[in-house]
Amino acid sequence: VATGLVTQAYEDTSLPIGHGQTISKPSVVARMLALLFEGRTARQRGTLGRVLEIGTGSGYQTAILSRLARLVYTVERYRTLMREAEARFKTLGLTNIITRFGDGGEGWPEQAPFDRIMVTAAAPAEPRALLSQLKPNGILVAPVGKGPVQSLRRYTGDGKGGFEVEDLIDVRFVPLLEGVAKEL
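With the sequence shown counted from 1, adding 3 to any position gets you the working numbering.
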């Protein structure tokens, strides 16, 4: 977090990281990660292959994902946020993270399919492009909905091309925006 927010870094609150974006509350990050990896033992977590994260932001959640999966692919629409996160990953010695500057709503089709997908911005509707990039029994966790309050949803592949959808809790996320940001 920014130097002026360091005293709040350990509070359970979202904090601004620039460009109108925020770092999510630690309790929400923990809940989303638990939903993404539910049913896997500690031993199995590290063996999970490929995870796609939409919205790198500060890199906080990405760093945690890097400890739970073999490879983390992360997409960020703000080049400056991506570069700052990449510098943090380097400082932390995290070498299993692959970053991309791009439109998160499009995912990363060239690298699909993914075992898990985590979306850190509110999709206005079901994220079909991202769901198409999941393995048949994969899991996608995302806030979905328009307006100030969204539903945190988990989509679990049924192995036949369909999904079980669970609406879990109400959350507040920045919107998932189309395209990439034009920064000055």
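Cβ coordinates follow ideal geometry from the N, Cα and C atoms, glycine included.
Coil, strand or helix - residue i by DSSP
i           : result
residue 183 : coil
residue 176 : coil
residue 112 : helix
residue 7   : helix
Other residues of its chain near residue i: CB distance less than 7 Å, five sequence neighbours each side excluded
i           : result
residue 132 : 108, 109 and 110
residue 168 : 156 and 158
Among the options, the one whose alpha carbon lies nearest that of residue i
i           : options             : result
residue 119 : 138, 103 and 66     : 138
residue 38  : 89, 27, 105 and 121 : 121
residue 182 : 173, 103 and 66     : 103
residue 93  : 14, 174 and 69      : 69
residue 175 : 147, 90 and 136     : 147
Residue i versus residue j - alpha carbon distance
i           : j           : result
residue 123 : residue 63  : 11 Å
residue 75  : residue 101 : 6 Å
residue 79  : residue 163 : 31 Å
residue 83  : residue 77  : 14 Å
residue 170 : residue 160 : 15 Å
Cut-off 6 Å between Cβ atoms - residues of its own chain near residue i, not counting five sequence neighbours on either side
i          : result
residue 58 : 107, 123 and 124
Same chain, Cβ closer than 8 Å to residue i, five either side skipped, listed in chain order
i          : result
residue 23 : 177
* Inside the region 52–97 only - beta strand (DSSP E) runs reaching at least 3 residues -> 53–57 and 74–79
* To do: Could you tell me which uninterrupted beta strand (DSSP E) segments, each at least 3 residues in length, are contained entirely in the region 104–170, listed from first to last along the chain?
  => 117–122, 137–147 and 153–160
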